[in-house]
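Residue numbers (this note's numbering): 706 to 833. Glycine is no exception: its CB is placed at the ideal position from the N, C-alpha and C atoms. Structure record follows, encoded as structure tokens.
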Amino acid sequence: AQAARADQPASNDIQRSGVHKVSIESGMALFSRLCLIILVTVISVVAQEEEGDKKHLGPPAPMGKMPDKDKDGFYKSKVDACSACKYVATSSCAMYNTCMCYVVNANWGGVGLDKTTDSNNWRWACNV
């Protein structure tokens, strides 16, 4: 009777290996389906991005012309500083809808300093 038992696996071993084998196959099937879903999703997203790139027209053309700065690195007048801000803001997709230009004359006197001969030192800034 003992020899017969040694040749045949116990019924508990058959059930355990069968359950283990079934759970591995189920897991692999689930993993394969999950990979397929991810692959299809990635392909569709990439296809949409490529279509979006074809529709992109690039940044808008800047309005006006960019004025030259004075030899000291500042703009010569308030109009020049405003024109520079407008030129930069309208040539950028990001700044076009959000930028509000401000200009300031950065000619502040100082205590104990001589009066400057150049009183037009205009700068612009954007309040994003």
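Proximity to residue i [Cα-Cα], best of the options
| i | options | result |
| --- | --- | --- |
| V809 | D777, N826, T822 and K820 | N826 |
| N832 | T821, I742, G778 and Y807 | Y807 |
| F779 | G732, S824, S728 and V750 | S824 |
| R828 | V750, D775 and A811 | A811 |
| A830 | M805, F736 and V745 | M805 |
Enclosing alpha helix (DSSP H) for residue i [first to last residue]
| i | result |
| --- | --- |
| N802 | C798 to T803 |
| V784 | K783 to T795 |
Alpha-carbon spacing of residue i relative to residue j, whole angstroms
| i | j | result |
| --- | --- | --- |
| L739 | V747 | 12 Å |
| M800 | K783 | 20 Å |
| A786 | P764 | 22 Å |
| V751 | M733 | 27 Å |
Any non-hydrogen atom of the ligand SAH within 7 Å of residue i CB
| i | result |
| --- | --- |
| S797 | Summarising the ligand content, the structure contains no ligands, and the ligand SAH is consequently not present. |
Span of the beta strand (DSSP E) around residue i
| i | result |
| --- | --- |
| W827 | W827 to C831 |
| Y807 | C806 to N810 |
field: Stretch pair the stretch 784 to 796 + the stretch 766 to 775: three plus CB contacts closer than 8 Å
entry: yes
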